[in-house]
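What follows is a set of notes on a single structure, which appears directly below.
Here is the structure:
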C-alpha cells in the first residue's frame with residue numbers, strides 16, 4: 001500500500017514539474033519574442049527598411065521563437081556592383097515599407113521590412129544559395145518557407161503595388177501604397193496652363209481660335225487617347241517606366257500580364273491609337289477632297305495601310321497581355 005502511494009506521489013510530482021517546465025518555457029519564449037519585436041521596432045524607428053548583417057539576420061529572421069513575418073530584400077547597392085536594377089527595386093521597396101510603417105496596421109507588429117546588402121552579408125547569400133540580386137523573400141511567422149515565398153520579379157515586375165499584392169497573398173496583410181507627391185507633374189501642368197493663358201492673351205484680338213473645330217477635335221482626341229491608353233491608371237498606381245529582367249538584363253516596355261502596365265506601355269498604346277485614327281481620317285476626309293484622282297488614291301492607300309498595320313500592332317500588344325486571346329491580323 002505504501003509503495004502505491006509512493007508511486008502516485010512520484011507521478012504527481014513529475015506531472016507538476018512537467019507542467020511548470022512547459023509554463024516556464026512558454027514564458028521564456030514570450031519574453032524572447034517581446035525582446036525581438038522591441039529590437040526590430042527600435043531599428044525601424046530610424047528608417048522604414050531595417051538593414052541587417054549576418055548576425056542580425058540570424059537573430060531576428062532565422063531563429064525561433066517568432067510570431068511575426070519578415071520581408072527581406074537581398075540586394076547589391078554598392079556602386080562597384082553596378083546593379084542598376086537594384087536601385088530601381090530599392091526605390092519601390094522603400095515606398096512599400098514607408099506605406100506600411102505609417103499605416104494603422106503597423107502597430108500590430110505582424111510584419112517587418114528588412115534588407116541585406118551583399119557587401120554587408122555575403123554569408124547570407126551563400127546560406128540561401130543565391131547568386132543574383134535583387135531577390136525579395138518572405139520568412140513566415142510559423143512553418144517553413146515555400147516556393148511561393150520567393151517573389152517572382154521577372155513575371156510580376158517590381159512596382160510597390162505588385163509586391164504589396166504578393167505580400168497580401170502570403171500574409172493576409174493589406175498595404176495601401178502612398179507615393180510621395182509628384183511636384184514635376186504639378187509644375188508641368190502649371191507651365192502648360194500659363195502657356196495657354198499667355199497664348200489666349202496674345203491672340204485676344206483673333207479669339208476665333210476658340211471656335212476652330214479642328215483644335216477642339218485634336219484636344220478631344222488627345223484626352224480620349226490618354227484615357228484609352230491607361231494614363232489615369234498610371235496616375236493612381238504610379239508604375240515604373242519600364243521593367244528590367246533581373247536574370248537576363250532585358251528591358252521590357254510592355255507588362256506581361258493583364259493586371260499591370262508600365263508608363264512606356266501607355267505611350268506606345270497612345271501612339272498606336274493615334275496612328276489608327278489618322279489612318280481613318282485620311283480614308284474619310286482626305287480621300288474626298290477636291291484634288292486630283294492620283295492624290296485621292298494615294299491618301300486612300302496610305303490610310304488603309306496605317307489602319308491595317310497599327311491596328312494589328314494593337315492586337316499584338318493585347319495578345320501579349322492576355323495570353324489566351326485567339327485573334328490577330330498581320331502580326332502575332
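Numbering (UniProt numbering), first residue to last: 1 to 332.
Glycine included, every Cβ here is placed at the ideal spot set by N, Cα and C.
Simplified DSSP state of residue i, which is helix, strand or coil
i           : result
residue 245 : coil
residue 114 : strand
residue 324 : coil
residue 21  : Because the pLDDT of residue 21 is 47, which lies under 50, any placement of that residue in the model is unreliable, and the number read from its coordinates should be weighed accordingly. Helix, per DSSP.
residue 200 : helix
residue 330 : coil
residue 278 : helix
Cβ-Cβ separation, residue j to residue i (assumed contact under 8 Å), whole Å
i           : j           : result
residue 136 : residue 226 : That belief does not hold up - the Cβ atoms of residue 136 and residue 226 are roughly 32 Å apart, past 8 Å.
residue 37  : residue 109 : 5 Å
residue 312 : residue 299 : Rounded, the Cβ-Cβ distance is 20 Å, inconsistent with contact.
residue 154 : residue 254 : With 8 Å as the limit, residue 154 and residue 254 do not qualify as a contact, their Cβ atoms being about 14 Å apart.
residue 273 : residue 229 : 7 Å
residue 148 : residue 170 : 7 Å
residue 335 : residue 263 : Since the first and last residues shown for the chain are 1 and 332, residue 335 lies out of range.
Residue j beta carbon less than 9 Å from that of residue i
i           : j           : result
residue 51  : residue 114 : yes
residue 71  : residue 167 : yes
residue 63  : residue 112 : no
residue 244 : residue 88  : yes
residue 276 : residue 302 : no
From the options, residue whose alpha carbon lies closest to that of residue i
i           : options            : result
residue 267 : 300, 278, 175, 222 : 222
residue 241 : 280, 283, 260      : 260
residue 57  : 230, 47, 117       : 117
residue 239 : 179, 210, 294, 196 : 179
residue 177 : 92, 281, 273       : 92
residue 308 : 141, 109, 280      : 280
residue 65  : 131, 95, 142       : 142
residue 30  : 67, 62, 39, 60     : 67
residue 49  : 39, 158, 96        : 96
residue 257 : 98, 55, 79, 162    : 162
residue 296 : 218, 219, 286      : 286
Other residues of its chain near residue i: CB distance less than 7 Å, five sequence neighbours each side excluded
i           : result
residue 145 : 139
residue 325 : 318, 319
Own chain, CB closer than 8 Å to residue i, minus 5 neighbours either side, in chain order
i           : result
residue 53  : 116, 120, 121
residue 322 : 258
residue 20  : Legend: pLDDT at residue 20 = 47, less than 50; position of this residue unreliable, value from coordinates given subsequently. Result list for residue 20: empty, nothing under 8 Å.
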